[in-house]
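Numbered according to the numbering used here, the sequence shown terminates at residue 443, and the numbering increases by one at each position without gaps.
Note that the Cβ used here is the ideal one computed from N, Cα and C, for glycine as well.
Remember, predicted model here, so these are calculated numbers, not experimental data.
Beneath this line is the structure, given in structure tokens, with notes to follow.
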Amino acid sequence: MIKLEREAEPQIMISNKAQWQKDLQDAIAVYGKYKDIPKIEKKKLTSFYRNDAVREGLIKSSEGKCAFCECIPSEGGNIEIEHFKPKSEYPELTFEWDNFLPSCRKCNGSKGTHDTVLEPIINPYDTDPNNVFHFVDIEIKASNTDMKQIAEKTIEVCGLNTLRLWKPRAEILLSLRIFTKAIEEAIEELTDADTQRKKEIRINKLREAIDTIEMLTNSSEKYSSFCSDFLRRSEVYLNAKSLVKDA
Ligand SMILES: [Zn+2]
Numbered sequence: 197m198i199k200l201e202r203e204a205e206p207q208i209m210i211s212n213k214a215q216w217q218k219d220l221q222d223a224i225a226v227y228g229k230y231k232d233i234p235k236i237e238k239k240k241l242t243s244f245y246r247n248d249a250v251r252e253g254l255i256k257s258s259e260g261k262c263a264f265c266e267c268i269p270s271e272g273g274n275i276e277i278e279h280f281k282p283k284s285e286y287p288e289l290t291f292e293w294d295n296f297l298p299s300c301r302k303c304n305g306s307k308g309t310h311d312t313v314l315e316p317i318i319n320p321y322d323t324d325p326n327n328v329f330h331f332v333d334i335e336i337k338a339s340n341t342d343m344k345q346i347a348e349k350t351i352e353v354c355g356l357n358t359l360r361l362w363k364p365r366a367e368i369l370l371s372l373r374i375f376t377k378a379i380e381e382a383i384e385e386l387t388d389a390d391t392q393r394k395k396e397i398r399i400n401k402l403r404e405a406i407d408t409i410e411m412l413t414n415s416s417e418k419y420s421s422f423c424s425d426f427l428r429r430s431e432v433y434l435n436a437k438s439l440v441k442d443a
């Protein structure tokens with residue numbers, strides 16, 4: 197999970213949400229409760245937020261990734277528009293732009309109708325997840341902060357420590373290990389350089405090896421928080437960075 201910035205609210209929402217919300221509230225008044233509105237009618241009344249402008253705005257803000265697990269849903273289905281505060285509990289937020297998140301089907305399904313007001317979880321638009329999560333091997337953990345419980349709840353509610361995420365993290369970990377090895381070798385070669393010319397060439401090689409591993413931390417990359425966390429704690433990488441800086 198990485199920090200996301202909201203895009204501007206799409207005009208279609210600004211122009212129509214008051215009317216859509218009113219129609220929904222009228223139906224709630226007729227049937228008594230949101231959940232008592234007949235299914236077909238409910239679907240019809242709420243479906244308006246599922247439009248291209250909303251989807252595009254959300255996809256842009258997360259660079260096509262799921263806001264929770266950082267997978268790229270388009271590889272295995274479409275991104276879903278998730279209500280952070282579930283519309284079943286808070287129907288008055290059905291058309292609220294700030295209540296939307298781009299989510300994959302797995303995270304959306306896992307979160308379900310979890311009440312984020314009663315039991316808060318991290319919203320990456322509002323809190324920098326970098327400060328509250330870290331990884332141990334392929335497992336995501338809640339860091340020791342005053343948000344530890346909320347972070348733990350997020351992992352549980354969104355299913356962030358399950359096989360579907362362990363598998364890709366394990367694959368990335370393999371790449372990270374291979375790229376780290378390349379950095380290690382480049383450092384060794386640099387240490388052995390006995391002329392200024394050789395030193396320059398080998399510093400460049402080291403720079404390239406650093407660039408390669410850092411590509412995995414680009415915000416547009418899948419599971420970039422996992423890669424950033426790995427590099428933050430990699431002695432080899434940190435050593436390489438300081439060697440290049442001093443060169
Ligand atoms: Zn997800």
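- K302 has its Cβ nearer than 7 angstroms to a heavy atom of ligand 1.
- Taking all protein chains shown into account, L370 has fewer than 16 neighbouring C-beta atoms within 10 Å of its C-beta and is therefore exposed.
- Contact annotation: P325 and R301 have beta-carbon atoms that are not nearer than 8 angstroms.
- Rounded to whole angstroms, R393 and H330 show a C-alpha spacing of 41 angstroms.
- Residue pairing by DSSP places P269 opposite no residue, since no beta bridge is assigned to it.
- Placement of the Cβ of F264 at a distance of less than 7 angstroms from at least one heavy atom of ligand 1 is found.
- Taken through DSSP and simplified to helix, strand or coil, E335 comes out as strand.
- The beta-carbon separation of Y433 and E266, rounded to 20 angstroms, does not stay under the 8 angstroms limit for a contact.
- A223 has its alpha-carbon roughly 9 angstroms from the corresponding atom of E237.
- With contacts defined as CB atoms closer than 8 angstroms, I317 and I346 qualify as a contacting pair.
- Residue range F296 to S299 is occupied by the beta strand (DSSP E) that includes S299.
- Between P298 and A263, the CB-CB gap stays under 8 angstroms.
- Cβ neighbours of L361 within its own chain (closer than 7 angstroms, five residues either side excluded): C265.
- With 16 or more other CB atoms across the displayed protein chains lying within 10 angstroms of its CB, M209 is buried.
- Taking C-beta atoms as the reference points, S430 and T413 fail to come closer than 8 angstroms.
- For the pair F375 and A405, the CB atoms are nearer than the 8 angstroms cut-off.
- Residue pairing from DSSP leaves F291 without any beta-bridge partner.
- Residue range L359 to D388 is occupied by the alpha helix (DSSP H) that includes E385.
- With a cutoff of 7 angstroms, S420 does not count as near ligand 1, since its C-beta is closer than that to no heavy atom of the ligand.
- Distance from the C-beta of S299 to the nearest heavy atom of ligand 1 is below 7 angstroms.
- In the DSSP annotation of this structure, I409 is not part of any beta strand (DSSP E); the continuous alpha helix (DSSP H) holding it starts and ends at Q392 to M411.
- Pairing T312 with V328 gives a Cβ-Cβ distance that is not under 8 angstroms.
- Between the alpha carbons of R428 and M411 lies a gap of roughly 14 angstroms.
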